[in-house]
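Asks: Sharing a structure, written as structure tokens. Questions coming.
Number of protein chains: 2
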Amino acid sequence: MAELSCLPTPSLVVDLNKVTQNCERMLQKCQELGVKLRPHTKTHKTLQAGEISTGNRKHGLVVSTIAEAKYFINGGFTDIIFAQPPSLNKVEVCTALVESISKFHMLIDNVQHLQMLEDTKLANGKQWSVFLDLDCGYGRTGAKWDSIKTFDLARLIHQSESVDLAGLYVHEGNSYNQTSTGDVTKLSDMTATRLLEFSDKLEKEGIDCPVKSMGSTPSCSLPTEIMSRITEFHPGNYVFYDLQQYYIGSCTLDDIACTVIARVIGHYPDRGHMVMDCGWTALDNQSQMSKCVTGHGCIVGEPNLRIDSMTQELGKISAINGKLDYEKYPIGTILRIYPWHACATASLHEVYHILLDGAIVDQWRPVKWWSA
Amino acid sequence: MAELSCLPTPSLVVDLNKVTQNCERMLQKCQELGVKLRPHTKTHKTLQAGEISTGNRKHGLVVSTIAEAKYFINGGFTDIIFAQPPSLNKVEVCTALVESISKFHMLIDNVQHLQMLEDTKLANGKQWSVFLDLDCGYGRTGAKWDSIKTFDLARLIHQSESVDLAGLYVHEGNSYNQTSTGDVTKLSDMTATRLLEFSDKLEKEGIDCPVKSMGSTPSCSLPTEIMSRITEFHPGNYVFYDLQQYYIGSCTLDDIACTVIARVIGHYPDRGHMVMDCGWTALDNQSQMSKCVTGHGCIVGEPNLRIDSMTQELGKISAINGKLDYEKYPIGTILRIYPWHACATASLHEVYHILLDGAIVDQWRPVKWWSA
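Residue numbers (this note's numbering), protein chains in the order written: chain A, 55 to 426; chain B, 55 to 426.
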């Protein structure tokens, strides 16, 4: 047990009560809708939050890197989707992962991917389990929901002897570009409708498609009626939430479970600002995109402070209205900052300092890098 | 020895010949001007590049974090400036560093900092060695060069029995905002003139100021005549250089010593793009600021490809002119990308894969995080 004020700066602090509450709410929401929750681990990348987010079942995750896949498998988790279309070298790495747990799923959207899987044999005649990555309008990866080619690819997967079609996977990342909860729900409805339209078509042709998965934190935080026809959600950011989600309308400011702490290290009254010992290496690698009046983040309990700019290890802070009261923030003052994008901020830290009821009680160490 | 094509993706690759050439050129430039070179380590954060950049003398560095300070001290380096105004907790950490090597310098710009140092006694009556952080127009940290208060602070440092004034330190970070080499040299001249004006004033009052240090990669890459009156330069980025420096005019494209490698993992001809297995966790946390026609970076040897956007682990690539030729880039194709800001990109990696004459010959492991 330590005081927050004893931590070195910059540090990432995670509020355990808030993580638990965010996870419980999402589990409950899914239960009410009759939808399975398969949390994405890319935001927190820790076994601890993995357990909390799966309701301690340690079953059913999405991962974004091979490093995450290995880490969660070694941590005892099963039923994992590696949510990135693979190149051959990654298919080869995945053979060991597929063979090590009962359910490890690949995501593919191209006949070249299917060919790679067919050409890469698994031990004991095991089949590859595959989700078809479906693009319902986001336009990043994924085969287009309304294309005949996509339907043909699904049929090829279905017909393949070495590959099993586990389901359809949609990431509606375009939900992040919405500026009102109404726009988010409209987008969710469109995504779900397109996903269901495609799966209905498959099922009519006798192609079984047991899992229909969609997910992004905005859409799953504000689920719509039609989304109850989807079989599973796979959001990830909601474990921490962040300012971006607050501005979209996915959460309240108080739901944000991670903050970066920093100290005031300089006063510059001739220029109207002060400087903290936290820059873009620790706070945010996307703060230029921040829409906050409080700049590159939001300092907890200090609505009149704005983080104007950041360099590698320093951040400039000024007053939004009136003059900055330097006496209120002597050199050494600790500031707690809500980040714009928690996925980006958390990815910059080796350690999360776990806050419980006002004290630092633990450290979580996320899995880092890509290939492990 | 390994082939580049055997590396997992994403990975950071550092060309050793280019690092050596960039370092030798800067050393030679300084020698010609009669200026000492005190390289900043914040970009590379490795003992290996520390050695090369100091001409193997392992003497005279600037560091941006306590972690870097400890790492380079443990690696046998001496004469190090911790280039961030400290809060009291960092002063306390620094006492051990000051006592461990002959020259470890603090950077201060406020009478509160001076007071902290005076209140924190060193063993054996050792004095704190201090650089006064001078703002010559950048406006981040630093006491203003033309303020009477700054002069008073210099006098207080000079008079203090527990603190020694080692010199003046200016970081002209505003050189990064210039868009032509002419603008950079104008800014360098202004910075140097202001620094010399202040130091002349001090010396007239009998306040000795042995070191006059300025530095940023744009200004030190294009040094002007008046800069030969400065006693030392402290640039850092030049060890790697990057697209930002290329656009400013500090280097050629071919001088850029670090690239991120990625593989093509998806083809989307209906949307005109392909996707690689590299997003903002590996390439760049500042790519939104990129001014390149080639988008969020520049793919080596592929002037017609543009990195349109990035998410956490994925990047979208399209053709600048005409249609993307998918047959030229089958899934699995390796792409090498010059980053926009090498300091940001390198800070995202645990390992640098060292390329020498076409083969991977070594791995360098930069010091990570902040407090060690």
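Even for Gly, the Cβ is constructed at its ideal location relative to N, Cα and C.
Which two residues bound the contiguous beta strand (DSSP E) that contains Lys266(A)?
Replies: Stepping through the first sequence from its first residue, residue 266(A) is reached at position 212. Counting along the chain, the beta strand (DSSP E) containing Lys266(A) begins and ends at 265-268.
Asks: Between which two residues does the beta strand (DSSP E) containing Met281(B) stretch?
Replies: Position 227 of the second sequence, counted from the first residue, corresponds to residue 281(B). Taken as a continuous stretch (DSSP letters only), Met281(B) belongs to no beta strand (DSSP E), as it is neither H nor E.
Asks: When the Cα atoms are used, what is the spatial distance from Tyr292(A) to Trp394(A)?
Replies: Locating residue 292(A) in the first sequence gives position 238, counting from the first residue. Locating residue 394(A) in the first sequence gives position 340, counting from the first residue. The straight-line gap from Cα to Cα measures roughly 13 Å.
Asks: Taking just the CA atoms, how far does Gly269(A) sit from Ile106(B)?
Replies: By one-based count along the second sequence, residue 106(B) stands at place 52. By one-based count along the first sequence, residue 269(A) stands at place 215. Cα to Cα, the separation comes out at about 49 Å.
Asks: Using a beta-carbon distance below 8 Å, is Pro140(A) in contact with chain B?
Replies: Sequence index remark: in the first sequence, residue 140(A) carries index 86 (1-based). It does; some Cβ of chain B falls within 8 Å.
Asks: Just mark Tyr295(B) as buried or exposed, buried being the case when its beta carbon has 16 or more other beta carbons within 10 Å.
Replies: The residue given as residue 295(B) occupies position 241 in the second sequence. When all chains shown are included, Tyr295(B) counts as buried.
Asks: Mind checking the stretch 370-392 of chain B against chain A and listing, in chain order, the residues whose C-beta falls within less than 7 Å of any C-beta there?
Replies: Answer set for the stretch 370-392 of chain B: Lys370, Ile385, Gly386.
Asks: Answer with yes or no whether the minimum CB distance from Arg325(A) to chain B is below 8 Å.
Replies: Locating residue 325(A) in the first sequence gives position 271, where the first residue counts as 1. Arg325(A) counts as touching chain B.
Asks: Does the beta carbon of Glu251(B) sit closer than 8 Å to a beta carbon anywhere in chain A?
Replies: Here residue 251(B) corresponds to residue number 197 of the second sequence, with the count starting at 1. No, Glu251(B) lies away from the interface with chain A (no Cβ there is under 8 Å from its Cβ).
Asks: Please name the residue in Asn143(B), Leu81(B), Ile135(B) whose C-alpha comes closest to that of Ser425(B).
Replies: Stepping through the second sequence from its first residue, residue 425(B) is reached at position 371. Checked all of Asn143(B), Leu81(B), Ile135(B); the closest Cα to Ser425(B) is Asn143(B).
Asks: Which partner residues of Gln417(A) appear in the DSSP bridge assignment?
Replies: By 1-based counting over the first sequence, the position of residue 417(A) is 363. Answer is His407(A).
Asks: In terms of DSSP beta bridges, what is Tyr392(B) paired with?
Replies: Here residue 392(B) refers to the residue found at position 338 of the second sequence. Beta-bridge pairing links Tyr392(B) to Cys352(B).
Asks: If we call anything under 8 Å between Cβ atoms a contact, is Val224(B) one with Leu249(B)?
Replies: Along the second sequence, one-based indexing puts residue 224(B) at 170. Along the second sequence, one-based indexing puts residue 249(B) at 195. Yes, Cβ-Cβ distance for Val224(B) and Leu249(B) is below 8 Å.
Asks: Is Cys190(A) helix, strand or coil when you go by DSSP?
Replies: Looking up residue 190(A) in the first sequence gives position 136. Residue state, collapsed to three classes: coil.
Asks: At what residues does the alpha helix (DSSP H) containing His225(B) begin and finish?
Replies: By 1-based counting over the second sequence, the position of residue 225(B) is 171. That residue, His225(B), is in no alpha helix (DSSP H); it is neither H nor E in DSSP.
Asks: What are the start and end residues of each continuous beta strand (DSSP E) run of 3 or more residues lying completely inside the stretch 89-165 of chain A, in chain order?
Replies: Here the runs fully enclosed are 113-117, 132-136, 158-162.
Asks: How long is the line joining the alpha carbons of Met364(B) and Ile391(B), rounded to whole angstroms?
Replies: Here residue 364(B) refers to the residue found at position 310 of the second sequence. Here residue 391(B) refers to the residue found at position 337 of the second sequence. Straight-line Cα distance between these residues: approximately 13 Å.
Asks: Does the distance from the C-beta atom of Pro139(A) to that of Asp218(A) stay below 8 Å?
Replies: Start at 1 with the first residue of the first sequence, and residue 139(A) comes out as number 85. Start at 1 with the first residue of the first sequence, and residue 218(A) comes out as number 164. Taking 8 Å as the Cβ cut-off, Pro139(A) and Asp218(A) do not qualify as a contacting pair.
Asks: Using a Cβ cut-off of 8 Å, pull out every chain B residue sitting near Thr365(A), in sequence order please.
Replies: Position 311 of the first sequence, counted from the start, is the residue given in the question as residue 365(A). Near Thr365(A) (Cβ distances below 8 Å), the residues of chain B are Arg194, Gly227.
Asks: For Leu222(A), tell me which candidate among Thr63(A), Phe185(A), Glu356(A) has the shortest Cα-Cα distance.
Replies: Here residue 222(A) is taken as the residue at index 168 of the first sequence, counted from 1. Of Thr63(A), Phe185(A), Glu356(A), the residue nearest in Cα terms is Phe185(A).
Asks: Any beta carbon from chain A within less than 8 Å of Ser275(B)'s own beta carbon?
Replies: Here residue 275(B) corresponds to residue number 221 of the second sequence, with the count starting at 1. Answer no: the Cβ-Cβ gap between Ser275(B) and chain A never drops below 8 Å.
Asks: Between the Cα of Asn228(B) and the Cα atoms of Ile302(B), Gln213(B), Asp163(B), which residue gives the shortest distance?
Replies: Here residue 228(B) is taken as the residue at index 174 of the second sequence, counted from 1. Comparing Cα positions, the closest option is Ile302(B).
Asks: Go ahead and pull the three-state DSSP assignment for Gly369(A).
Replies: Within the first sequence, the letter at position 315 stands for residue 369(A). Looking at Gly369(A) - three-state DSSP - the assignment turns out to be strand.
Asks: Looking only at its chain, what residues have a beta carbon closer than 8 Å to the beta carbon of Pro264(A), apart from the 5 residues adjacent to it on each side?
Replies: Along the first sequence, one-based indexing puts residue 264(A) at 210. Closer than 8 Å at Cβ, skipping near neighbours: Ala220, Gly221, Thr285.
Asks: In the structure shown, what three-state DSSP assignment does Cys332(B) receive?
Replies: Position 278 of the second sequence, counted from the start, is the residue given in the question as residue 332(B). Cys332(B): coil per DSSP, three-state reduction.
Asks: How is the alpha helix (DSSP H) around Ile211(A) delimited, first residue to last?
Replies: If you number the first sequence from 1, residue 211(A) lands on position 157. Element bounds for Ile211(A): 202-213.
Asks: Taking Leu176(A) as the reference, give the member of Val314(A), Glu153(A), Cys352(A) with the closest Cα.
Replies: On the first sequence, residue 176(A) is found 122 positions in, with the first residue counted as 1. Here the closest residue by C-alpha is Glu153(A).
Asks: Could you check which residue in His327(B), Arg325(B), Ser118(B), Ile414(B) has the C-alpha nearest to that of Val428(B)?
Replies: The structure shown has nothing for residue 428(B), since chain B only spans 55 to 426.
Asks: Beta-carbon within less than 8 Å of Gly193(B)'s beta-carbon, same chain only, minus the 5 sequence neighbours each way: which residues are those?
Replies: Within the second sequence, residue 193(B) is the residue found at index 139, counting from 1. Excluding residues within five positions, the ones whose Cβ falls inside 8 Å are Asn228.
Asks: Beta-carbon within less than 7 Å of Val147(B)'s beta-carbon, same chain only, minus the 5 sequence neighbours each way: which residues are those?
Replies: Taking the first residue of the second sequence as position 1, residue 147(B) is located at position 93. The residues are Ile120.
Asks: Going along the stretch 189-223 of chain B in order, which residues come within less than 7 Å of chain A, judged by CB to CB distance?
Replies: Of all residues in the stretch 189-223 of chain B, Gly193, Arg194, Thr195, Lys198, Ser201 have a Cβ within less than 7 Å of some Cβ in chain A.
Asks: Starting from Arg360(A), trace the alpha helix (DSSP H) in both directions and tell me its first and last residue.
Replies: Taking the first residue of the first sequence as 1, we reach residue 360(A) at position 306. First-last for Arg360(A): 359-364, but that is the beta strand (DSSP E), not the alpha helix (DSSP H).
Asks: I need the DSSP call for Tyr292(A), collapsed to helix, strand or coil.
Replies: The residue you call residue 292(A) lines up with position 238 of the first sequence. Here Tyr292(A) sits in helix by DSSP.
Asks: Based on the DSSP output, what are the partners of Gly320(A) in its beta bridges?
Replies: As a first step, residue 320(A) is located in the first sequence; it is residue number 266 there, counting from the start. Beta-bridge pairing links Gly320(A) to Val329(A).
Asks: Name the one or two DSSP bridge partners that Val67(A) has.
Replies: For the purposes of this step, residue 67(A) is identified with residue 13 of the first sequence, where counting begins at 1. In the DSSP output, where bridge partners are listed per residue, Val67(A) has Thr313(A), His407(A).
Asks: Are the C-beta atoms of Ser267(B) and some chain A residue less than 8 Å apart?
Replies: On the second sequence, position 213 is the one that residue 267(B) refers to. Taking Cβ atoms only, chain A never reaches closer than 8 Å to Ser267(B), which makes this a no.
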